[in-house]
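The listed protein sequences derive, respectively, from chains A and B.
Taking this note's numbering, the leading residue of the first sequence gets 1, the next gets one more, and so forth.
Taking this note's numbering, the leading residue of the second sequence gets 1001, the next gets one more, and so forth.
C-beta: ideal position from N, C-alpha, C; glycine also.
Worksheet for the structure shown next.
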Amino acid sequence: MKRKSELVVPLLFLAAAPLAVYSVQRVFLHTPNERTMGTAFKIFFFHVPMGWLCMLMAVISGVAAYVQLRRRSRTAAAVALASAEIGFLGGLGVMLTGPIWGHATWGTPWTGDARQVTTALLWLVIAAYLLLRHFGQHASERLAAALAIFGAVNVPLIYYAVKLWKTTHPTTGVVAKLPPEMWATFWPGLGALLLVSFGLFAIRARQLVLAGELDDAYVRLEDSRA
Amino acid sequence: MLHLARVRVLRQSLLLLRSELRQELRDLELVLTSTFFTLVVLGMFYLSFAALEKKHTLPAVPGLLWLTVAFVGSITLTRAFDREREADTLRALLVAPVERTAIYVAKAGSTLLVLLVCCALLVPGLASMFPAGQVFLDMPLETATLVVLGCLGYVAIGTLFAAGLAGGGGKNMLLAVILYPVTTPVLMFGLVTTRALLDNNPNLPSYLGQMAALDVILLGVGALLFEPVLVGAAPARTAQAARQHARERLRAAGREEPR
């Protein structure tokens, strides 16, 4: 019989499936076009949740890396890596959808705006973290953790970059100004994305913990043979 | 107590910095290689961009300045810690009875000084090669503040990661992979502030203040992470050991033991 904790992931996916379908049909069939941006605005419902996901995962990865450094926790190391991987995918989505939206709205895919650049940077830091975790030697796990913490420190910089550098990017209050019917479309989409992401995150983190335990078991077996 | 600890860290930092500088003054290895590299990069920039008109060099000069700092900084940091690795002196430093924060401050301080020596060549070089950079010479105080703040932020992060790679026996190639994405926020602040300086922007003091605030954050995070990254945290205490520790503390304070 399965343990209760093992049911959480299937439940997350089960909850996400109808929410995703509902959200997509709402975006394309029931949400009116925005006045100035027209149809191009619909990409907002994909771009912003992925941006939030990327930042959230960067923060989770940073906090987990801090715990890993302070307590030498294997679970925290697994959580840090799993969240960085999901954050990398979220960031990839932002980097792909952003230029499409920018091209339709501003007439250019890349304006060099501060928030664009800083988001790209956060994504590069996450990529560097993954490179270090995969190709660094054993002790570089701690160094990778420091990198993840710096990634998390970058997140508030991104948020305030618009205010600090007075740019052309939509201001950080864009979501607050949405009319109610757009809010009603935005939240289910965000919810579905978060549910799927946390499901994938839980699977990957558990797999990393198990891989570590398997390594330990193998070493113990080799020791007992010697 | 806290005050005494701070004085101790400061004293140890100055002693270690003096030792770093003495070692550097023996053969000037870092200064000579880094300044030579700065001149080579300046020469390459001149060959590439000398034909540009002034209005085109205006947005380019800040980039040239901070790109050079990034390149020179990474080779300086690599060499500074290679030296430690070759003689296995980083391990000796870590087992010496000094605060790890003092090691971080001394290493960052010596790298900062080498970078500033390079900037003392780089900034006048850029000013003489590109007319847009003339502002650097017209406003020396603001330029010096900008350069010091930018380089300080760069070494605050760079020292941590270079030391981490040297201490962990990591691959040097990875330093550039890590360093450039992580230091880019500092370099971006540097770019924006340099542009404000060249444009005679009245918001320049505010930008410099933001750079100083960023430096404080980066130095704080760097100092906080230096020890855990290099030597790892102490193993987590078991519940039993934690109870024992609490009992001892209470006994020392002359209070009753908890039941």
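First through last residue of the alpha helix (DSSP H) which encompasses residue i
i                : result
S1128 of chain B : 1100-1129
K1055 of chain B : 1054-1087
D215 of chain A  : 180-225
I60 of chain A   : 44-71
P18 of chain A   : 8-25
F28 of chain A   : Where F28 of chain A is concerned, there is no enclosing alpha helix (DSSP H), given that its DSSP letter is neither H nor E.
G1043 of chain B : 1029-1049
P1228 of chain B : 1204-1231
M95 of chain A   : 74-105
D1138 of chain B : 1134-1138
T265 of chain A  : Here chain A has residues from 1 to 226 only, and residue 265 of chain A is not among them.
Proximity of residue i and residue j at Cβ, strictly below 8 Å
i                : j                : result
L1042 of chain B : L1122 of chain B : yes
V1155 of chain B : T1111 of chain B : yes
V1231 of chain B : L1094 of chain B : yes
T1038 of chain B : F1049 of chain B : no
L1208 of chain B : V1186 of chain B : no
L1077 of chain B : G1158 of chain B : yes
V1229 of chain B : L143 of chain A  : yes
V125 of chain A  : P1181 of chain B : yes
L208 of chain A  : L81 of chain A   : yes
P188 of chain A  : L19 of chain A   : yes
C1119 of chain B : V1069 of chain B : yes
K1054 of chain B : A1132 of chain B : yes
E141 of chain A  : A58 of chain A   : no
T1101 of chain B : V1009 of chain B : yes
A146 of chain A  : L1160 of chain B : yes
T118 of chain A  : H47 of chain A   : no
E1142 of chain B : L1191 of chain B : no
D1088 of chain B : L1149 of chain B : no
A247 of chain A  : F88 of chain A   : Summary: the structure shown does not reach residue 247 of chain A, with chain A confined to residues 1 through 226, and so no result is reported for it.
T1035 of chain B : V1135 of chain B : no
E1084 of chain B : A1166 of chain B : yes
L194 of chain A  : G151 of chain A  : no
A192 of chain A  : S5 of chain A    : no
L1017 of chain B : G1109 of chain B : yes
Outcome for residue i when other beta-carbon atoms lying within 10 angstroms are tallied against a minimum of 16
i                : result
A1236 of chain B : Summary for A1236 of chain B: the model assigns pLDDT 48, below 50, so the residue's position carries little reliability; its value from the coordinates is reported in the next sentence. Exposed, because fewer than 16 other Cβ atoms sit within 10 Å of the Cβ of A1236 of chain B.
F186 of chain A  : buried
G107 of chain A  : exposed
K177 of chain A  : exposed
S1019 of chain B : exposed
T1238 of chain B : Per-residue confidence for T1238 of chain B stands at a pLDDT of 49, beneath the threshold of 50, marking its modelled position as unreliable; the derived number appears in the next sentence. Classification for T1238 of chain B: exposed.
L1047 of chain B : exposed
S83 of chain A   : buried
R115 of chain A  : buried
T36 of chain A   : exposed
Q25 of chain A   : exposed
A217 of chain A  : exposed
M1188 of chain B : buried
V21 of chain A   : exposed
A1092 of chain B : exposed
F28 of chain A   : exposed
K1107 of chain B : buried
L1025 of chain B : exposed
L190 of chain A  : buried
W183 of chain A  : exposed
S1206 of chain B : exposed
F1045 of chain B : buried
A16 of chain A   : buried
F45 of chain A   : buried
Integer-rounded CB distance, given that residue j should sit under 8 Å from residue i
i                : j                : result
F1081 of chain B : A1176 of chain B : Contact doesn't hold; Cβ gap of about 14 Å is too wide.
L1179 of chain B : L1146 of chain B : That belief does not hold up - the Cβ atoms of L1179 of chain B and L1146 of chain B are roughly 21 Å apart, past 8 Å.
I149 of chain A  : V1221 of chain B : 7 Å
L1030 of chain B : L132 of chain A  : Actually they do not touch by this definition, with Cβ atoms about 25 Å apart.
E85 of chain A   : R204 of chain A  : 6 Å
Interface flag, residue i vs chain D, CB-CB below 8 Å
i               : result
V125 of chain A : Included in the structure are the protein chains A and B, with no chain D among them.
Residue i: CB within 7 Å of a non-hydrogen atom of the ligand SAH
i               : result
L121 of chain A : The model on display carries no ligand, and the ligand SAH is accordingly not part of it.
**Asked** Should the segment 215-223 of chain A be called in touch with the segment 45-61 of chain A, which here means at least 3 C-beta pairs below 8 Å?
**Response** no
**Request:** Specify whether the segment 59-71 of chain A and the segment 35-45 of chain A touch according to this definition: at least 3 beta carbon pairs, one from each stretch, less than 8 Å apart.
**Result:** no
**Asked** Using 8 Å as the threshold, is the segment 8-15 of chain A in touch with the segment 196-205 of chain A, meaning 3 or more CB pairs across them?
**Response** yes
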